[in-house]
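Below: one structure, written as structure tokens.
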Amino acid sequence: MKVRKTLTDEEHIFFCIAGHIMDMAIPDAFDWEQLLPSFSDFRCSFSEKQDVMCSIRIVEKPIDCELASAKVLSEVSEVFGHWFRLMETDHNYIIDVQFVKNGNRYRMITDKTFSMATAYVDRKEEYAANILSLFLMILFAQSAVLHKTIMLHASVVEKDQKGYVFMGKSGTGKSTHSRLWMKYIEGTDLLNDDNPAVGIEEDGIVYVYGAPWSGKTPCYKNRKIPLQAIIRLEQAPVNHFKKETGVNALITLLPGCSSMRWSTLLYTEMCNLLEEIINKVKIGYLACLPDKEAALLCYEEVKKL
Numbered sequence: 004m005k006v007r008k009t010l011t012d013e014e015h016i017f018f019c020i021a022g023h024i025m026d027m028a029i030p031d032a033f034d035w036e037q038l039l040p041s042f043s044d045f046r047c048s049f050s051e052k053q054d055v056m057c058s059i060r061i062v063e064k065p066i067d068c069e070l071a072s073a074k075v076l077s078e079v080s081e082v083f084g085h086w087f088r089l090m091e092t093d094h095n096y097i098i099d100v101q102f103v104k105n106g107n108r109y110r111m112i113t114d115k116t117f118s119m120a121t122a123y124v125d126r127k128e129e130y131a132a133n134i135l136s137l138f139l140m141i142l143f144a145q146s147a148v149l150h151k152t153i154m155l156h157a158s159v160v161e162k163d164q165k166g167y168v169f170m171g172k173s174g175t176g177k178s179t180h181s182r183l184w185m186k187y188i189e190g191t192d193l194l195n196d197d198n199p200a201v202g203i204e205e206d207g208i209v210y211v212y213g214a215p216w217s218g219k220t221p222c223y224k225n226r227k228i229p230l231q232a233i234i235r236l237e238q239a240p241v242n243h244f245k246k247e248t249g250v251n252a253l254i255t256l257l258p259g260c261s262s263m264r265w266s267t268l269l270y271t272e273m274c275n276l277l278e279e280i281i282n283k284v285k286i287g288y289l290a291c292l293p294d295k296e297a298a299l300l301c302y303e304e305v306k307k308l
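Quick note on numbering: our numbering labels position 80 of the sequence shown as 83, and the sequence is numbered without any gaps.
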């Protein structure tokens, strides 16, 4: 595998995720394969003719920057097991993460398009793998929006070489519904269980992609398939399916999209992309129980759309 080295004793590792190249520069002693085993299938060679969508440099010393004028955009404490703060300056976004209470804080600083970043990660830290993976996911998700690709908080299955995406609030039962399809609908396989990507390529087709992030389920497939439908799930006492179009379809998708609401540029591009996806892909809403009948109803109704 071809790698690139710089005069600063850095090694450049390249990943191809959803058809986009990510360049990660790491110190020589940094064992990325140990920290990021889910990325191994996404590693790729690189030629100077290729376009790099986003680049990140990993450093092992804390990043100091002027925060006096920084605006706090979001601050979440002890959610998903870590503390998180997003700040904005005139030229950058700054993301601070702490995975345990009173533990070390780690920082990533990026430009406004998330195309270039520097991140502090201590490879000896217990949570180094989590921190590095989180920074990479944030960088990819935001920069990809400007390249007709968006990451979703969803579970996705493959049936007959077509993708079916299940969205919904945390705890709604996305993973459960995927498993019901795999159990009761023959020939169904899991593509990703938490963070798939969806994009429109030059051929005009909407594809869903596996990714190196998949929540608690180890499912890291470097694979793309045409996207057949996106279904939003909601728990209910009875099973009921309906088609969504227009504004309702947009509202159905918007909550599960990974994009910066604070950036006019990124948010506008995300909404434009969603409009294109809605015009090309079937969108549905499923009120359901976690049972066999819900999976069969969803599958049969999607075929009718």
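Think of the CB as a built atom: it goes at the ideal place given N, C-alpha and C, for glycine as much as any other residue. The structure displayed is predicted, hence computed values, not measured ones.
Can you give the Cα-Cα distance for residue i and residue j, rounded to whole angstroms?
i       : j       : result
Val-305 : Met-56  : 34 Å
Gln-37  : Lys-245 : 45 Å
Gly-22  : Ser-266 : 24 Å
Pro-40  : Ser-136 : 10 Å
Asn-251 : Pro-258 : 12 Å
Met-25  : Ile-153 : 15 Å
Leu-292 : Thr-191 : 20 Å
Met-263 : Leu-269 : 6 Å
Ser-261 : Leu-155 : 6 Å
Phe-274 : Lys-64  : The amino acid occupying residue 274 in the given sequence is Cys; Phe does not appear at that position. Rounded to whole angstroms, Cys-274 to Lys-64 spans 38 Å at the Cα level.
Asp-54  : Leu-289 : 40 Å
Arg-7   : Leu-276 : Unreliable placement is indicated for Arg-7, whose pLDDT of 44 sits below 50; the coordinate value is still reported in the next sentence. Going by the C-alpha atoms only, they are around 34 Å apart.
Ile-309 : Arg-46  : The question about residue 309 has no answer, for the chain in this structure spans 4 to 308.
Asp-44  : Ala-73  : 38 Å
Asp-294 : Lys-115 : 44 Å
Ser-146 : Glu-205 : 18 Å
Phe-18  : Phe-143 : 11 Å
Trp-184 : Val-241 : 18 Å
Glu-278 : Ile-20  : 23 Å
Ala-71  : Cys-222 : 42 Å
Arg-126 : Leu-194 : 30 Å
Asp-93  : Arg-182 : 46 Å
Might you give, ordered along the chain, the residues of its own chain that have their beta carbon closer than 7 Å to the beta carbon of residue i, omitting 5 neighbours on each side?
i       : result
Glu-272 : Val-148, Leu-149
Val-75  : Arg-88, Met-90
Quick one: grab the DSSP three-state call for residue i.
i       : result
Gly-259 : helix
Trp-184 : helix
Thr-9   : Caution applies to Thr-9, whose pLDDT of 46 falls short of 50 and renders its modelled position unreliable; the model cannot decide the point.
Asp-163 : coil
Val-103 : coil
Ala-32  : coil
Ser-41  : helix
Gly-287 : strand
Val-305 : helix
Cys-47  : coil
Tyr-270 : helix
Thr-179 : helix
Lys-295 : helix
Phe-17  : strand
Gln-231 : strand
Ser-217 : coil
Glu-69  : coil
His-150 : helix
Ala-239 : coil
Rounded to the nearest angstrom, how far is the Cβ of residue i from that of residue j, given a contact under 8 Å?
i       : j       : result
Ile-66  : Ile-98  : With 8 Å as the limit, Ile-66 and Ile-98 do not qualify as a contact, their Cβ atoms being about 11 Å apart.
Met-140 : Ala-157 : That pair is no contact at about 14 Å.
Ile-134 : Val-100 : 6 Å
Pro-229 : Gly-166 : 7 Å
Val-160 : Ala-232 : Their Cβ separation, rounded to whole angstroms, is 11 Å, which puts Val-160 and Ala-232 out of contact at 8 Å.
Enumerate in chain order the residues of its own chain whose CB-to-CB distance from residue i is below 6 Å, with the five nearest sequence positions on each side excluded.
i       : result
Thr-220 : Asp-196
Asn-95  : Ile-112
Asp-12  : Asp-31
Glu-78  : Arg-88
His-243 : Ala-290
Gly-218 : Asp-196, Asp-197
Thr-9   : Residue confidence is low: Thr-9 scores 46 on pLDDT, short of 50, so the model does not pin down where it sits. Its coordinate-derived value is still stated next. Cβ neighbours of Thr-9 beyond the five flanking positions: none.
So, at 8 Å on beta carbons, what are the nonlocal neighbours of residue i in its own chain, with the 5 sequence-adjacent residues on each side left out?
i       : result
Cys-188 : Checking the sequence, you will find Ile at residue 188 rather than Cys. The answer, listed in chain order, is Lys-162, Ala-298, Leu-299, Tyr-302.
Ile-281 : Thr-248, Gly-249, Ala-252, Leu-253, Leu-256
Lys-5   : Its pLDDT being 38, under 50, Lys-5 is placed unreliably in this model, and the value from its coordinates should be taken loosely. Excluding positions up to five away in sequence, the list reads Ser-48, Phe-49.
- Is the region 228-243 touching the region 30-39, taking contact as three or more C-beta pairs under 8 Å? The region 30-39 and the region 228-243 do not touch, with fewer than three beta-carbon pairs separated by less than 8 Å.
- Pairing CB atoms from the region 173-190 with CB atoms from the region 119-128, are three or more of them under 8 Å? no
- Give a yes or no on contact between the region 210-228 and the region 193-201, applying the rule of three or more CB pairs nearer than 8 Å. yes
- Task: Inspect the CB distances between the region 38-50 and the region 103-118 and report whether three or more fall short of 8 Å.
- Result: no
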